[in-house]
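Using the numbering used here, read the sequence shown as starting at -6 and increasing by one per residue.
See below for the structure under consideration.
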Amino acid sequence: DRVLDAPTSEAWIDPWVAHLRTLGVVLHGGRDVAGIESDGRRITGVTVAGPGGPERVTADHYVAALPVERLRLLLSPALRAAEPRLAALPRLVVRWMNGVMFYLDRDVPLQHGHAIFIDSEWALTAISQAQFWPDVDLEQRGDGRVEGILSIDVSEWERPGRRTGKVAMACSPDEIRAEVWGQLVDHLDDGSLDESNVVTWFLDPAIQFPNPTGATNLEPLLINTARSWADRPDAVTRIPNLFLAADFVRTHTDLATMEGANEAARRAVNGILDASGSSARRCPVWKLREPAVLAPFRALDRVRWRLGRGPAPPPVRVTESGELESGGPLARALLAVARRTR
-6 DRVLDAPTSE AWIDPWVAHL RTLGVVLHGG RDVAGIESDG RRITGVTVAG
44 PGGPERVTAD HYVAALPVER LRLLLSPALR AAEPRLAALP RLVVRWMNGV
94 MFYLDRDVPL QHGHAIFIDS EWALTAISQA QFWPDVDLEQ RGDGRVEGIL
144 SIDVSEWERP GRRTGKVAMA CSPDEIRAEV WGQLVDHLDD GSLDESNVVT
194 WFLDPAIQFP NPTGATNLEP LLINTARSWA DRPDAVTRIP NLFLAADFVR
244 THTDLATMEG ANEAARRAVN GILDASGSSA RRCPVWKLRE PAVLAPFRAL
294 DRVRWRLGRG PAPPPVRVTE SGELESGGPL ARALLAVARR TR
């Protein structure tokens, strides 16, 4: 796992902002993009709204680093006409994946990496943070009681939980907290998780509760659905002074991740250098590396897809007791080898 060695702001955001300012970049926080103006061919200006009211900003080049659910609200008919691929953005699918954090009096490392609770109703994944933050003394923060942080992602918000009987979208914050903790305990039944060990907890503030149980999400996540590649634009658009840097852009990474957004940004920078006739060195862009040993299985999947058949059945499966069970002679041979080399 490649994870940050301190809280995100301290390890990444704050140093990067400080670096940008040393380069002369002027950052204006606390503002929203209210409109993108176009003459039908180029971007002519952007209106931003802030504490002092609306302000029109003009520039030589514009980079839209907005998530897809925000950008598509700003697409005027003129923009869609200038770049027809932008008209497909409303077809892209977003879903909810948001986090809950438990601050613990006694650290519970779980394991040295991510934990996937693969059959949990709310599709939980988790990581215990303190083990990756060697220079961070949690006892010097807050009231001094916290020694561990358990960070949980909830990826399924539309399936009922076994305790509340409700989908996460319909739960109150306290119900979300209780259901998430309960599902963790269901899967870690070794006694390592104790309710009395929780000092406090925190729900992603992007989950808003305008009604007692009616939740909305200000930060949904792009989901790559079948055939959605055709609806995704490139970083360099047909509008000569508009470039895109976000996780929905076509990239080698092809997944809604920070790495995908980073690659899109590199492509946008290269597009600006090309458009301005710059001789500066271009940003490198790398293809995604996939294990060569799995190439035959990927080829088999492609053949079955073209034949209209589903994925090949797995050669082994995990039984209720946690043992591996083979599904054929080849799988039995592989299992025999694996057991001899344990």
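Cβ atoms here follow ideal geometry from the backbone N, Cα and C, with glycine treated the same way.
Determine the closest residue to residue i out of the options, with distance taken between C-alpha atoms.
| i | options | result |
| --- | --- | --- |
| glutamate 256 | Ser272, Trp222, Ala239 and Ser271 | Ala239 |
| alanine 261 | Ser314, Ile232, Leu186 and Val129 | Ile232 |
| serine 269 | Ser319, Ser31 and Asp53 | Asp53 |
| aspartate 179 | Asn190, Pro284 and Asp112 | Asp112 |
| valine 56 | Gly43, Leu196 and Val39 | Val39 |
| serine 121 | Ala58, Gln104 and Gln133 | Gln104 |
| valine 309 | Pro322, Arg297, Arg302 and Arg299 | Pro322 |
| phenylalanine 241 | Gly264, Val311 and Leu79 | Leu79 |
| proline 70 | Ser31, Pro47, Thr37 and Gly46 | Ser31 |
| asparagine 234 | Leu266, Arg243, Asp224 and Gly301 | Leu266 |
| alanine 163 | Leu186, Gly207, Ser185 and Arg156 | Gly207 |
Just to confirm, is the Cβ distance from residue i to residue j under 8 Å?
| i | j | result |
| --- | --- | --- |
| phenylalanine 236 | alanine 228 | yes |
| isoleucine 145 | tyrosine 96 | no |
| arginine 49 | alanine 75 | no |
| asparagine 190 | aspartate 98 | yes |
| histidine 245 | tryptophan 222 | no |
| valine 192 | arginine 138 | yes |
| leucine 67 | valine 26 | yes |
| glycine 303 | arginine 295 | no |
Using C-beta distances below 8 Å, list every residue in its chain close to residue i, excluding the 5 sequence neighbours before and after it, in chain order.
| i | result |
| --- | --- |
| tryptophan 115 | Val147, Ser148, Glu149, Trp150, Arg152, Gly154, Ala161, Glu172, Val173 and Gln176 |
| glutamate 212 | Pro60, Asn91, Asp197 and Ala199 |
| alanine 123 | Asp100, Pro102, Val129, Leu131, Glu140, Gly141 and Ile142 |
Leaving out five residues before and five after residue i in sequence, what residues of the same chain have Cβ atoms less than 6 Å from its Cβ?
| i | result |
| --- | --- |
| threonine 209 | Gln201 |
| alanine -1 | Trp126 and Val129 |
| isoleucine 109 | Thr118 |
| arginine 259 | Cys276 and Val278 |
| arginine 24 | Val41 and Gly43 |
What does a CB cutoff of less than 7 Å around residue i pick up in its chain, not counting 5 residues either side in sequence?
| i | result |
| --- | --- |
| proline 203 | Thr209 |
| valine 286 | none |
| threonine 337 | Nothing about residue 337 can be read from this structure; the chain reaches only from -6 to 335. |
| glycine 135 | none |
contact_flag[the segment 78 to 92, the segment 210 to 226] where n(CB pairs < 8 Å) is 3 or more: yes
At which residue ranges does the segment 108 to 153 contain complete beta strand (DSSP E) runs of 3 or more residues, listed in the order of the chain? 117 to 121 and 141 to 147
Runs of 3 residues minimum, wholly inside the segment 211 to 283: which ones carry the beta strand (DSSP E) assignment? 214 to 216 and 235 to 237
Report the start-end ranges of each beta strand (DSSP E) in the segment 16 to 62 that is 3 residues or longer and not cut off at the edges. 25 to 31, 36 to 43, 46 to 50 and 55 to 57
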